[in-house]
Amino acid sequence: MTGNELEIELKEPLIPVEEYLAAGVHIGTQQKSKDMMKFIYRVRGDGLYILDIQATDERIKTAAKFLAQYEPAKVLVVTSRQYGQYPAKMFADAVGGMAVIGRFIPGMLTNQRLHGLNKYIEPDVIVVTDPIGDTQAINEAVQAGIPIVALCDTNNMTKYIDLVIPTNNKGRKALSMIYFLLTKELLRLRGVTTSLTPEDFETEL
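So in numbering that gives the first Met the number 0 the end of the sequence shown lands on 204, straight run, no missing numbers.
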């Protein structure tokens with residue numbers, strides 16, 4: 000394989016390694032948390048931590064199997080990150096779930112008085128794009144006993160996260176690729192074929 004990022008061949012990957020690399024899924028930050036150390040492949044000369052794409056590929060498959068247990072309409076995806084908003088909405092639309100894009104209104108998962116304002120929702124599982132930006136949603140999911148799947152970068156803490164998908168959760172192409180793969184694999188497990196492509200999950204923002 001060309002390039003110095005990762006010298007690895009994945010076992011039955013969802014996509015070729017080169018496509019993961021092209022999307023920058025493996026590019027972390029210059030910070031690492033103790034929680035994410037087991038998902039870090041190495042550190043580059045410029046100080047950027049590189050994520051293990053094998054773990055990413057496996058966790059997308061695991062997350063899809065986990066989400067497939069739930070009724071589609073009871074799956075909620077949350078993202079406050081600008082680059083996560085379009086792909087997260089695409090994911091929700093494709094799998095028949097719900098999406099909270101942008102600001103998460105406090106009480107959406109815990110305050111039934113918001114029901115009359117059509118702001119109160121009752122998901123059975125939640126997917127968050129970044130534990131840092133989506134802290135409010137995570138806290139409320141914990142209070143409500145809702146399991147949490149999270150896209151986690153090298154700097155994220157994973158307390159309260161039930162299933163971690165290690166990935167660059169800041170880049171446009173990386174987020175588009177992860178949500179595309181999660182969508183495709185989840186639909187496959189449901190016996191649904193799709194003509195969607197990674198490009199369908201990208202926005203020009």
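Each residue gets a CB set at the ideal place from its N, CA and C atoms; glycine is no exception.
{"Asked": "Segment contact, 8 angstroms Cβ cut-off, at least three pairs: the segment 32-43 with the segment 192-204", "Found": "no"}
{"Asked": "Per-residue burial, Met89 [other beta carbons within 10 Å of its own, 16 or more giving buried]", "Found": "buried"}
{"Asked": "Close Cβ partners of Ala67 (< 8 angstroms) along its chain, the five nearest in sequence each way excluded", "Found": "Leu185, Leu188, Arg189"}
{"Asked": "Supposed close pair Ile160, Ile147 - CB separation, criterion 8 angstroms", "Found": "5 angstroms"}
{"Asked": "Euclidean distance between Cα positions of Pro86 and Ala93", "Found": "10 angstroms"}
{"Asked": "Contacts around Val226, its chain only, beta-carbon distance under 6 angstroms, and the 5 residues preceding and following it disregarded", "Found": "The requested residue 226 is not part of the displayed model; the chain covers only 0 to 204."}
{"Asked": "heavy atom of the ligand PLP below 6 angstroms from Ala143 C-beta", "Found": "The model on display carries no ligand, and the ligand PLP is accordingly not part of it."}
{"Asked": "Coil, strand or helix - Thr55 by DSSP", "Found": "helix"}
{"Asked": "DSSP bridge partner residues for Ala98 (one or two, in chain order)", "Found": "Val76"}
{"Asked": "CA-to-CA distance, Gly95 to Leu20, given in whole angstroms", "Found": "29 angstroms"}
{"Asked": "Unbroken stretches of the beta strand (DSSP E), 3 residues or longer, contained in the segment 162-186", "Found": "162-165"}
{"Asked": "Neighbourhood of Arg80 by C-beta, 6 angstroms cutoff - its chain only, sequence neighbours within 5 removed", "Found": "Thr128, Asp129, Gly132"}
{"Asked": "Candidates Gln53, Lys169, Ile120, Ala62: closest to Thr182 by CA position", "Found": "Ala62"}
{"Asked": "Element boundaries [beta strand (DSSP E), containing Tyr40]", "Found": "39-42"}
{"Asked": "Supposed close pair Ile52, Ile39 - CB separation, criterion 8 angstroms", "Found": "The Cβ separation is near 12 angstroms, so there is no contact."}
{"Asked": "Coarse secondary structure for Tyr48, derived from DSSP in three states", "Found": "strand"}
{"Asked": "Residues that DSSP places opposite Leu150 in a beta bridge", "Found": "Ile164"}
{"Asked": "Given Thr55 as reference, the closest of Glu18, Glu121, Arg102 once Cα atoms are compared", "Found": "Glu18"}
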